[in-house]
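Asks: Below: one structure in structure tokens.
In my numbering, the protein residues as written are 17 to 903.
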């Protein structure tokens, strides 16, 4: 009897579950949206006012969403089409409805286009920019539910990768096939810019080794930048964009202006497209924006709805992009539907002054000082103007930014400390997020899956089933602590690529550097270095640690052992304390302070017999310490003992048989160096006025400086008694440098350095003052640092010197003014650097370069001795270490 009751209970619960499932399926609102010709309207927005819920159509115009039974106001809209508004009655059996949208027609009043010859879009955008600070902070918080779907297809991969048998095998599973991912989450936003997300459901058919994480729900059109590019709604936008009024229309009893966004000079680093601005409210109702970046072309469309009176937030977002970079060709699409459950807004519009005061309420010191009061008076004066000029907009933006920075500064004993940067975006994933079944997805999915997307999921399920059936148990540890070897070759990959082993608490670690650490160098003195480099450490706190880095190598040509070890203690994190102890036996560069990259020299030697870098044998022991004496004032001290002697080449030719040059620096001041020993102390005092900082994980981190950095350096070599020669000397030098940013794309950097020696006795060539110079056509050095037509040792001196440099980097200078180059993403720069050494003519280099910031540049440089032409040459700045890794 008990068993029968239990069975009855089981069948009853099953029946209830089926009825609930049927109920869920029955309350479905579905259909298709097309234009008058029957063509699908992709990514159209369907918004249910009472639910504050939005969803979107797929690329074929279909939509499908689960909606509770009831009566709703439904608004259907799509960029470029006239919207529709109707009453939707959701019945128990569901509703199926196809809709036809008419192409929108725009009006343009004659009065508006004859306003002093200026396009009326500029007047509209000045209003928008003036109101942007309010809309940037209008929403205090919200909670929203989101559904996201993205698809991707890889069309081509680089031919060089296909040389690998494993890659060719994997590419057959990927190329040409569609992959899909879906994501349902709950998003919480708190002003000014903090998001937290909880992923409730997640499903994808992408390969395991392909990480996919798309999240474009967090769009704030009023932020200073959008996707890393200047926003057209921020003050300063008129420097980057042209605006054109295309037309206007009336929607929901409000006039909406369609504004075309045009990058100045077609700059590819900027956005383009259309903004839809609601008149009188001066906010965004929709956006259709395109962007380009390093082989990526993307179009993002967003439709905003009035979720609260005068509060328009995105309810549907879609993106389509193509990728064509480094031999990879792919395309992807993405759509998101957003349902706002709770929205809290500032009920009244704030003036610029009120916004600054409100932002300061959370700061420790409530009372504004005289500087803040003066700023607010200037802000109030500009804000009271009825019509802002472009100059007014720029000035207002600058004043508000300065005032916010002042309020962001903590008023405590640490004068220049700003508030710590909080975590702005966090994501939590439910433990069962990837275990949701098809019934669950049917209730949350806002667009039906296409046959190709269903096929993608089926393909993934078959693959998982096949792998499960073929999987064999890995070899386990023998119980004595030995390393287990997995059948997937992970041990080989670990040895090849490097790996970091950590304790469970992550307070101690050992790092293996991988292939670049096994053979880090080749030169004609040593041959190839073969060995290993490791590092190990322990953390005492998030900001304090002890690290040890040993490296030992055998030199194949010199047939000797070289190596070094460094012990580093990070202490006093608020004062940037670092204590170092290092020692070893190395082949060192005579130009030890600013010599050429040893990686570049190794490649040039191996291929072209260009051994421009000259080496000597150095055995050394060094102890150094760095500590901050006051904010922005950093003191470094070092004591070093060295034993040095000259070395000869042990390799005579490049791999193509070209004769190597001798291992002798090409300098008039070079004298063969006998075996000697050096005892030296070095001190460096560095000061940056008013240097603001933040504390991150307990350690002080400086922000970009507004003022130049001044450096005073002093060296003293002490004479030693004994059989070996021992140099002695004094050296002092003073430097100043600064980098200034103009907007997002212009920068100006300058530097001045000068110094002198005295008390010189038995000085050796490594002790001379050397300069950052190279005659190799390829260098790792940036073009705003050094000379590029001089040998590394040509101007080495034991006397007085002074040098200065200036570099200006800008998007448009010479070549970018040509019509067919305007839309290319490279930038241009001018360089000027001069050196005056006592007893020699002044040397000057003038250069022009093009490239991509400081990642890769090509420049033409001309050198002059005094006013006399000396040489001209081409140089390429390429930071190979960034791509090859730690050497």
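We put the beta carbon where it would ideally sit given N, CA and C, even for glycine.
Per DSSP, what kind of secondary structure is residue 641 in: helix, strand or coil?
Replies: If DSSP states are grouped into helix, strand and coil, residue 641 belongs with the strands.
Asks: Is DSSP giving residue 64 helix, strand or coil here?
Replies: Looking at residue 64 - three-state DSSP - the assignment turns out to be strand.
Asks: For residue 871, does the three-state DSSP call read helix, strand or coil?
Replies: In the structure shown, residue 871 sits in coil (DSSP, three-state: anything other than H, G, I, E or B).
Asks: Looking only at C-alpha atoms, which of 252, 712, 855 and 727 sits nearest to residue 705?
Replies: The option with the nearest alpha carbon to residue 705 is 727.
Asks: Indicate the three-state DSSP secondary structure (helix, strand or coil) for residue 757 in the structure shown.
Replies: Residue 757 falls in the strand class under three-state DSSP.
Asks: Taking the runs of the alpha helix (DSSP H) that are 4 residues or longer, which of them lie wholly in the stretch 126–161?
Replies: If we require 4 residues or more, the alpha helix (DSSP H) runs fully inside the stretch 126–161 come out as 136–152.
Asks: Looking only at C-alpha atoms, which of 254, 175 and 479 sits nearest to residue 143?
Replies: Among 254, 175 and 479, the Cα nearest to that of residue 143 is on 254.
Asks: Using 8 Å for Cβ pairs, my map puts residue 807 next to residue 682. What's the rounded Cβ distance?
Replies: About 5 Å; that satisfies the 8 Å criterion.
Asks: To the nearest angstrom, how far is it from the Cα of residue 749 to the Cα of residue 524?
Replies: Rounded to the nearest angstrom, the two C-alpha atoms are 41 Å apart.
Asks: According to the Cβ coordinates, are residue 876 and residue 890 closer than 8 Å?
Replies: Yes, the Cβ-Cβ distance between residue 876 and residue 890 is below 8 Å.
Asks: Does the count of Cβ pairs from the stretch 623–642 and the stretch 664–684 closer than 8 Å reach three?
Replies: Counting Cβ pairs under 8 Å, three or more are found: they touch.
Asks: Figure out for me which residue from 776, 663 and 684 has the closest Cα to the Cα of residue 855.
Replies: Among 776, 663 and 684, the Cα nearest to that of residue 855 belongs to 684.
Asks: Leaving aside the five residues before and after residue 772 along the sequence, list all residues of the same chain whose C-beta is less than 6 Å from its C-beta, in chain order.
Replies: If we look at residue 772 and ignore the five residues flanking it on each side, its Cβ neighbours are 816.
Asks: Take residue 258 and list the residues in its own chain whose beta-carbon comes closer than 7 Å to its own, dropping the five residues that flank it on each side.
Replies: Cβ neighbours of residue 258 beyond the five flanking positions: 278 and 280.
Asks: Over what stretch of residues does the beta strand (DSSP E) that includes residue 265 continue unbroken?
Replies: Element bounds for residue 265: 257–267.
Asks: With H, G and I counted as helix, E and B as strand and the rest as coil, what does DSSP make of residue 526?
Replies: In this structure, residue 526 counts as strand in the three-state DSSP scheme.
Asks: Considering Cα atoms alone, identify which of 743, 610, 775 and 676 is closest to residue 811.
Replies: The shortest C-alpha separation from residue 811 is found at 610.
Asks: Using only CA atoms, which one of 67, 887, 695 and 351 lies nearest to residue 863?
Replies: It is 887 whose Cα lies nearest to the Cα of residue 863.
Asks: Using the rule of at least 16 other Cβ atoms within 10 Å of the residue's Cβ for burial, across every protein chain shown, is residue 165 buried or exposed?
Replies: Its Cβ being crowded by 16 or more others within 10 Å, residue 165 is buried.
Asks: Specify the secondary structure class of residue 287 as computed by DSSP and reduced to three states.
Replies: It is coil, neither helix nor strand.
Asks: Verify the CB distance criterion: does residue 320 have a CB-CB separation below 8 Å to chain B?
Replies: Included in the structure is just one protein chain, with no chain B present.
Asks: Which partner residues does residue 703 have in the DSSP bridge list?
Replies: Its beta-bridge partners are 649 and 726.
Asks: Give the DSSP-derived three-state secondary structure of residue 889 in the structure shown.
Replies: The answer is strand: DSSP assigns residue 889 an E or B state.
Asks: Can you give me the Cβ contacts of residue 39 inside the same chain, cut-off strictly under 7 Å, excluding the 5 residues immediately before and after it?
Replies: Confidence at residue 39 is low in this model, with a pLDDT of 38, below 50, so its placement is unreliable and the value that follows should be read with caution. No residues qualify anywhere along the chain.
Asks: Could you pull out every unbroken beta strand (DSSP E) segment of at least 3 residues lying fully inside the stretch 576–621, listed in chain order?
Replies: If we require 3 residues or more, the beta strand (DSSP E) runs fully inside the stretch 576–621 come out as 576–587 and 593–605.
Asks: Identify whether residue 664 lies in helix, strand or coil by the three-state DSSP scheme.
Replies: Note: residue 664 maps to coil in three-state DSSP.
Asks: Return the first residue and the last residue of the alpha helix (DSSP H) that residue 454 is part of.
Replies: Residues 454–460.
Asks: By the three-class DSSP mapping on this structure, what secondary structure does residue 295 have?
Replies: Coil, per DSSP.
Asks: Can you give the Cα-Cα distance for residue 661 and residue 521, rounded to whole angstroms?
Replies: Roughly 47 Å between the two C-alpha positions.
Asks: Give me the Cα-Cα distance between residue 560 and residue 172, rounded to the nearest whole angstrom.
Replies: About 47 Å.
Asks: Here's the rule I'm using: 16 or more other beta-carbon atoms within 10 Å means buried, otherwise exposed. How should residue 192 be labelled?
Replies: Per the 10 Å Cβ criterion, exposed.
Asks: What is the rounded straight-line gap between the Cα of residue 714 and the Cα of residue 871?
Replies: Between residue 714 and residue 871, the C-alpha separation is close to 31 Å.
Asks: The beta strand (DSSP E) with residue 770 in it runs from where to where?
Replies: Looking at the DSSP string, the run of the beta strand (DSSP E) that includes residue 770 is 762–777.
Asks: In angstroms, rounded to a whole number, what distance separates the CA positions of residue 794 and residue 631?
Replies: Going by the C-alpha atoms only, they are around 20 Å apart.
Asks: Should the stretch 303–311 be regarded as contacting the stretch 208–225, the criterion being three or more beta carbon pairs within less than 8 Å?
Replies: They do not touch, by the three-pair rule.
Asks: Does the beta-carbon distance from residue 116 to residue 50 come in below 8 Å?
Replies: Yes. Within cutoff.
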